[in-house]
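Residue numbers (the numbering used here), protein chains in the order written: chain A, -1 to 188; chain B, 3 to 116. This report concerns only the one structure given below.
Following this line, the structure appears as structure tokens:
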């Protein structure tokens, strides 16, 4: 079963998913630079898709704000998850997958990629840090350190928490060809 | 006037007016790919006592871009003699929280939503 951190939600079973979309990418097919733009295209596709379920109602001005808020959040979260997947995936590994699950009161993202043992260990350390401190404190501490070091890793995940009030959970499992299959789950209340 | 654009975004610097405008969707790969924008910001800030950054048509910014803006704001704060104004849009959801975060980094930062 591997290790889980945070409140990992099951998206399986009757009623768990109203709709879901699954996108898969082969890390060995194209160099990172040539597929970078696809992160944004995929994120925009997912965010456009969900707007159908948050229609604008001319009689209710708040509905337009709600649609654009959900669209912006889905686009940001999906793009950050895919950017991280592209950065930390082992080439020649299993496909990178991102699944978006629409539930009655939330949207769940599940992104899985195979990471090297070293990348997975660094990610576990970061998760430990996130779980032990206030995310806003970590954010401002990291940003100040980044201004000196130039290392901005982890900011995408922290901004999901502090700017979008998302909750995060993780699963690590041994991958068949070596390394670890790392799943990052992001729940966005809607 | 210096300006350049990439897929889905445009960047413009009016050095005389100390005004930098970023628009569109910025999802460059890591801080390194933001180097031309970092240079544009540094150029506008050089020898200036006041500077404006107009983001009111910047629809999307990834976390690397947020890192770049944060670094610029921290450097402006540390310099101590630059009055920095950021113009945002109330209609673009990401800007609400992110621009407030920048103000926490630099309390004298002026953020105007249009």
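Ideal Cβ positions, reconstructed from N, Cα and C, are used throughout, including at glycine.
Within the same chain, show all residues whose beta-carbon is closer than 8 Å to that of residue i, passing over the 5 residues directly before and after it, in chain order.
i	result
residue 19 of chain B	54
residue 3 of chain B	14, 15, 16, 17
For residue i, return the contacting residues in chain A, with the cut-off set at a CB-CB distance below 8 Å.
i	result
residue 115 of chain B	Those within 8 Å of residue 115 of chain B in chain A number zero; the least Cβ separation is about 14 Å.
residue 106 of chain B	138
residue 5 of chain B	Under the 8 Å cutoff, chain A gives no residues; its nearest Cβ is about 22 Å from residue 5 of chain B.
Once you ignore the five residues that flank residue i on each side, which residues in its own chain have a CB closer than 7 Å to its CB?
i	result
residue 103 of chain A	187, 188
residue 175 of chain A	91
residue 16 of chain A	100, 101, 102
residue 47 of chain A	19
residue 77 of chain A	37, 38, 41
residue 42 of chain B	4, 13, 15, 22
residue 73 of chain A	41, 42, 45
residue 117 of chain A	86
Report the CB separation of residue i from residue j in whole angstroms; it is logged as a contact under 8 Å.
i	j	result
residue 88 of chain B	residue 104 of chain B	7 Å
residue 181 of chain A	residue 110 of chain A	4 Å
residue 86 of chain B	residue 111 of chain B	5 Å
residue 138 of chain A	residue 81 of chain B	Between residue 81 of chain B and residue 138 of chain A the Cβ distance is about 19 Å, and since that is not below 8 Å, they are no contact.
residue 88 of chain A	residue 152 of chain A	Contact doesn't hold; Cβ gap of about 20 Å is too wide.
residue 184 of chain A	residue 79 of chain A	7 Å
residue 75 of chain A	residue 158 of chain A	6 Å
So, is residue i buried or exposed, given that buried needs 16 or more other C-beta atoms within 10 angstroms?
i	result
residue 102 of chain B	exposed
residue 9 of chain B	exposed
residue 97 of chain A	buried
residue 81 of chain A	buried
residue 146 of chain A	exposed
residue 150 of chain A	buried
residue 29 of chain B	buried
residue 154 of chain A	buried
residue 71 of chain A	buried
residue 140 of chain A	buried
residue 78 of chain B	buried
residue 161 of chain A	buried
residue 8 of chain A	exposed
residue 56 of chain A	exposed
residue 53 of chain A	exposed
residue 56 of chain B	buried
residue 97 of chain B	buried
residue 134 of chain A	exposed
residue 69 of chain A	buried
residue 6 of chain B	exposed
Using the beta-carbon of each residue, which ones in chain A are nearer than 9 Å to residue i?
i	result
residue 133 of chain B	The structure shown does not extend to residue 133 of chain B, since chain B is modelled only from 3 to 116, so the question has no answer here.
residue 77 of chain B	145
Using a C-beta to C-beta distance shorter than 7 Å, which residues of chain A count as neighbours of residue i?
i	result
residue 100 of chain B	161
residue 88 of chain B	Within chain A, no residue comes near residue 88 of chain B; the closest Cβ sits about 16 Å away, beyond 7 Å.
For residue i, is the beta carbon positioned less than 7 Å from some heavy atom of the ligand GDP?
i	result
residue 139 of chain A	With respect to the ligand GDP, the structure offers nothing, as it holds no ligand at all.
Interface residues of chain B around residue i at Cβ under 7 Å?
i	result
residue 171 of chain A	Near residue 171 of chain A there are no residues of chain B at all, since even the closest Cβ is about 26 Å away, more than 7 Å.
residue 77 of chain A	29, 64
residue 157 of chain A	65, 68
residue 70 of chain A	95, 96
residue 154 of chain A	65
Can you list the residues of chain B that residue i reaches, using a CB-CB cut of under 8 Å?
i	result
residue 177 of chain A	Here the premise fails: no neighbours, minimum Cβ distance about 22 Å.
residue 73 of chain A	62
Please return the same chain residues whose Cβ sits closer than 6 Å to the Cβ of residue i, not counting the five positions on each side in sequence.
i	result
residue 83 of chain A	94, 109, 111
residue 67 of chain B	28
residue 2 of chain A	169
Counting only Cβ pairs nearer than 9 Å, list the residues of chain B close to residue i.
i	result
residue 66 of chain A	93, 94, 95
residue 197 of chain A	Since the first residue shown for chain A is -1 and the last is 188, residue 197 of chain A is missing from the structure and cannot be characterised.
residue 0 of chain A	Those within 9 Å of residue 0 of chain A in chain B number zero; the least Cβ separation is about 27 Å.
residue 11 of chain A	Those within 9 Å of residue 11 of chain A in chain B number zero; the least Cβ separation is about 32 Å.
Interface positions of the region 15 to 38 of chain B facing chain A (Cβ-Cβ less than 8 Å), listed along the chain: 27, 29, 31, 32, 33
What residues from the region 43 to 71 of chain B come within 7 Å of chain A, judged by C-beta to C-beta, listed N to C? 62, 64, 65, 66, 68, 69
Taking Cβ-Cβ distances below 8 Å as the criterion, which residues of the region 138 to 152 of chain A are in contact with chain B? 138, 141, 142, 144, 145, 148, 150
Taking a Cβ distance cut-off of 9 Å, strictly less, list which residues of the region 17 to 51 of chain A are near chain B, in chain order. 30, 31, 34, 35, 37, 38, 41, 42
Short of 9 Å Cβ to Cβ, which residues in the region 80 to 104 of chain A face chain B? 81, 84, 85
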